[in-house]
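*Asks:* Pasting in a structure now, in structure tokens, and then I'll have a few things to ask.
Protein chains: 2
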Amino acid sequence: MGGIPTIREVAVAADVAIGTVSRVLNGHKSVSDDVRRRVLKAIKKLKYEPDRVAQSMRLGVTRTVAFATRDISIPGFGAIVNAAEEALRSNGYTLLLAMTDERKERELNLLRIFQQRRVDAVIMATSSEDDTELSKRIRSADIPIVLLDRENPLQLDAVTLDHRRGIRAATEYLRGFGHTRIALLTGNPSTRPAHERIAGFKEASSHLGKHANHSIIRTGAFSAEFGFREASSLLSGATRPTAIIAGGMAMLAGVLQAVRARGLKIPDDVSVIAGADSDLAALATPSITAVRWSGTDEGRMAVQLLLNRLGNRSAPVQRVMISTELIPRESCGPPTR
Amino acid sequence: MGGIPTIREVAVAADVAIGTVSRVLNGHKSVSDDVRRRVLKAIKKLKYEPDRVAQSMRLGVTRTVAFATRDISIPGFGAIVNAAEEALRSNGYTLLLAMTDERKERELNLLRIFQQRRVDAVIMATSSEDDTELSKRIRSADIPIVLLDRENPLQLDAVTLDHRRGIRAATEYLRGFGHTRIALLTGNPSTRPAHERIAGFKEASSHLGKHANHSIIRTGAFSAEFGFREASSLLSGATRPTAIIAGGMAMLAGVLQAVRARGLKIPDDVSVIAGADSDLAALATPSITAVRWSGTDEGRMAVQLLLNRLGNRSAPVQRVMISTELIPRESCGPPTR
DNA sequence: ATGAAAGCGCTAACAT
DNA sequence: ATGTTAGCGCTTTCAT
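From first to last, the protein sequence lines stand for chains A and B. Mapping the first sequence onto this note's numbering, position 1 (from 1) lands on 1, and the numbers just tick up by one. Positions in the second sequence are counted from 1; adding 337 to them yields this note's numbering.
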């Protein structure tokens, strides 16, 4: 009584039964205009707000969706989350955000938390697609899960990115300048964005004879640190690559740093392509050629799949691929050695 | 029975009363070892996970905190949210994220949603500090609110940033090169980060005579678009500024774009300072001098204040200011006209 | 140490 | 058209 008003207080104030208040709240037909008015007035007077927790409990749905991502501070993820939150909110859902830090323990832990909180669905990019424990936990979670740029487990809905085509285009673009010693830096090949990039990279070189193909592939992580480390080691080697593809969302910063630390000029000494677009790529001097896609579409589509799934739990698996395109800028030119 | 197991099923499986299961779950002392073992076994066997929704309902606390920000895709906000989520999670809380889009309607709407969802507290940066309707709603929300880089309403806890000192240092730094025609671009002066930047800017010029001070201040928004628009107009004017300070998180990109579009060189034609650090500032060529602070500290501190408040609702208002520093890089030099 | 039961705020099924 | 009530899953008080 002193605290937050409940439906009961509204009922008393309007002199009706609580069931009637509930009916008004939920727009049921069979309520007389007079009663409806009285109830509405009482609601306004008491500043009553329905308790979504109680509703969740009663209804068995929370209208809450969890979004688990590696690290929201990575440029690019923000746009996805932004779009997802907006799509979710306009459908009456609320977004719950959690960082996985790309650590399996955390993911497992988060899955439990999501389960306990009874979220209606989750959107996530797992750290690995072939860890059996993780896969098992994911499949046995009886919450709909939409994978983000992952395709395993296969029975899950997923929105993926066409990295393969993007990196193939990037590689062909570099070959067009005459590059043969091209390095691709990317993440753990057990995740889709890494192995698809590798696939696209190889496809672009498949017509080449063994002797003409001096491709270098370094895998490990999608991070800026990894990009810096690998680019540094590559660039200081005797037969350094004439072009580098930074195959990760956050990787470009590390690669640029390494290039700069070695006093090299882009594109004169080394050509660079970013596997994901960003402010940095667009506004660096020289600007960096990049593989681009719409993070907004990605986030929106994930929510779309989710909503579909929530509407029909037994519908067939949904798979949507977001297209990518190469945005040529100033960071590529012919090799000079 | 077919679905998710409840405490009741665990009780049946362990052949005890549900109250006893609850006691085991919550680590109460008075449970015999034998019973505890049986209960634990039943929990494991059934893969029982306590329902946090039911707990919330019973306990009147959700262990959920809402974070409302303008746009999570703005570089800089990610780090804050990241830090906040981590701090929150390690304290058993879950983060609920929502975008305000810097629109009052949305903020009002979000406040309602947060109230309905019975979040325990909210962290937010409001779009305005002097809108009476918004202020009233905020003060009347009976949820603890921690302001982020805002200081009104005054009765709220807040973590603020020392923009004043940062911009004063930036301005003095530019004056040290001999600049007199310096432009400050920043957001709506009704918000703290804008008026504090303006204050710092003015402080750095206060010793100057009227005739020697050709400062230009343009306010409106913190966005890249605003930065682009204002920098463009300033740069194409007859008496263009010799230095520009981009006083907003997302603004640098717009300013750099404008400079580039006019074919101007930094720092030869115009010196540039960013009011917030970013990958872009650090790795642009030339790299951009920036006012820097720790977003991680900012996010963590907000959570700290929240936790304190939750521990004592009637404690005095808490105010913490995060320090800033100027990171000199390559984007500033003497004016050349 | 453990069981029984009330009750958190709500919706929906059942009465009238 | 409206009132009454069971019950969602849990914690806690009160018995024993």
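No residue lacks a Cβ here, since even glycine has one placed at the ideal position from N, Cα and C. Keep in mind the model is a prediction, meaning the values are calculated, not measured.
1. Report the three-state DSSP secondary structure of T6 (chain A) (helix, strand or coil).
2. Specify the secondary structure class of R455 (chain B) as computed by DSSP and reduced to three states.
3. Does the Cβ-Cβ distance between R501 (chain B) and R534 (chain B) come in under 9 Å?
4. Is the Cβ of A611 (chain B) closer than 9 Å to any Cβ of chain A?
5. Only counting the same chain, and skipping five residues up and downstream in sequence, which positions put a Cβ closer than 8 Å to that of Q492 (chain B)?
6. S369 (chain B) to V496 (chain B), Cα distance in whole Å?
7. Does the CB of E86 (chain A) have a neighbour CB from chain B at under 9 Å?
8. Taking DSSP's pairing of strands, which residues face F404 (chain B) in a bridge?
9. For T132 (chain A), report the span of its beta strand (DSSP E) as first-last.
10. Sorted by chain position, which residues of the same chain lie with C-beta nearer than 6 Å to G299 (chain A)'s C-beta, five sequence neighbours on each side aside?
11. Only counting the same chain, and skipping five residues up and downstream in sequence, which positions put a Cβ closer than 6 Å to that of Y385 (chain B)?
12. Alpha carbon to alpha carbon, how far is R375 (chain B) from N26 (chain A)? Give it in angstroms, no decimals.
13. Quick one: residues in its chain with C-beta nearer than 8 Å to the C-beta of M1 (chain A), no 5 flanking neighbours on either side, listed in chain order?
14. What residue does the alpha helix (DSSP H) around D162 (chain A) start on, and which one ends it?
15. Starting from the beta carbon of Q594 (chain B), find every residue of chain A whose beta carbon is closer than 8 Å, and list them in chain order.
16. Does DSSP put A170 (chain A) in a helix, in a strand, or in coil?
17. Who does L522 (chain B) pair with in a DSSP beta bridge?
18. Between G92 (chain A) and G333 (chain A), what straight-line distance do the alpha-carbon atoms span, to the nearest angstrom?
19. Do A613 (chain B) and A520 (chain B) have their beta-carbon atoms positioned less than 9 Å apart in this structure?
20. In chain order, what residues of the region 99-118 of chain A put their CB closer than 7 Å to some CB of chain B?
21. Is there a C-beta anywhere in chain A that falls below 9 Å from the one on I582 (chain B)?
22. Using a 10 Å radius around the Cβ and a threshold of 16 neighbouring Cβ atoms, would you call V353 (chain B) buried or exposed?
23. Looking only at DSSP bridge pairs, what is L147 (chain A) linked to?
24. Any idea if S708 (chain B) is buried or exposed, counting beta-carbon neighbours within 10 angstroms, 16 or more meaning buried?
25. Can you give me the C-alpha to C-alpha distance between V372 (chain B) and S127 (chain A), rounded to a whole angstrom?
26. What does the alpha-carbon distance come out to for the pair S215 (chain A) and V320 (chain A)?
27. Let me know the beta strand (DSSP E) ranges lying completely inside the region 346-425 of chain B, each 3 residues or longer, listed in chain order.
28. Identify each residue in the region 43-57 of chain A for which the Cβ-Cβ distance to at least one residue of chain B is less than 9 Å, and report them in chain order.
29. Looking only at C-alpha atoms, which of B:G585, B:V358, B:V609 sits nearest to V596 (chain B)?
30. For T431 (chain B) versus I167 (chain A), is the C-beta distance shorter than 9 Å?
31. Taking the beta carbon of G268 (chain A) as the centre, do at least 16 other beta carbons fall within 10 Å, making it buried, or is it exposed?
32. From K382 (chain B) to L471 (chain B), what does the alpha carbon distance come to, in whole angstroms?
33. Among residues of its own chain, excluding the 5 on either side of L208 (chain A), which ones have a beta-carbon nearer than 6 Å to its beta-carbon?
34. Distance, Cα to Cα, P387 (chain B) vs D71 (chain A)?
35. I need the boundaries of the alpha helix (DSSP H) containing I288 (chain A), first residue and last residue.
*Replies:* Here's the rundown:
1. coil
2. coil
3. yes
4. no
5. R476, V654
6. 47 Å
7. yes
8. B:L434, B:I460
9. Segment 132-140 is the alpha helix (DSSP H) holding T132 (chain A); no beta strand (DSSP E) there.
10. I80, A83, A84
11. P342, V347
12. 44 Å
13. With a pLDDT of 49 at M1 (chain A), under the threshold of 50, the modelled position of that residue is not reliable, and the figure given next carries that caveat. The answer, listed in chain order, is E9.
14. Taken as a continuous stretch (DSSP letters only), D162 (chain A) belongs to no alpha helix (DSSP H), as it is neither H nor E.
15. L283
16. helix
17. B:R555, B:A583
18. 50 Å
19. no
20. M99, R112, I113, Q115, Q116, R117, R118
21. no
22. buried
23. A:M124, A:A158
24. This structure cannot settle anything about residue 708 (chain B), because the visible part of chain B is limited to 338 through 674.
25. 39 Å
26. 30 Å
27. 401-406
28. K47, E49, P50, D51, R52, V53, A54, Q55, S56, M57
29. B:V609
30. no
31. Just to set this straight, residue 268 (chain A) is Asp in the shown sequence, not Gly. Looking at its Cβ environment, which holds fewer than 16 other Cβ atoms inside 10 Å, D268 (chain A) is exposed.
32. 51 Å
33. none
34. 28 Å
35. That residue, I288 (chain A), is in no alpha helix (DSSP H); it is neither H nor E in DSSP.
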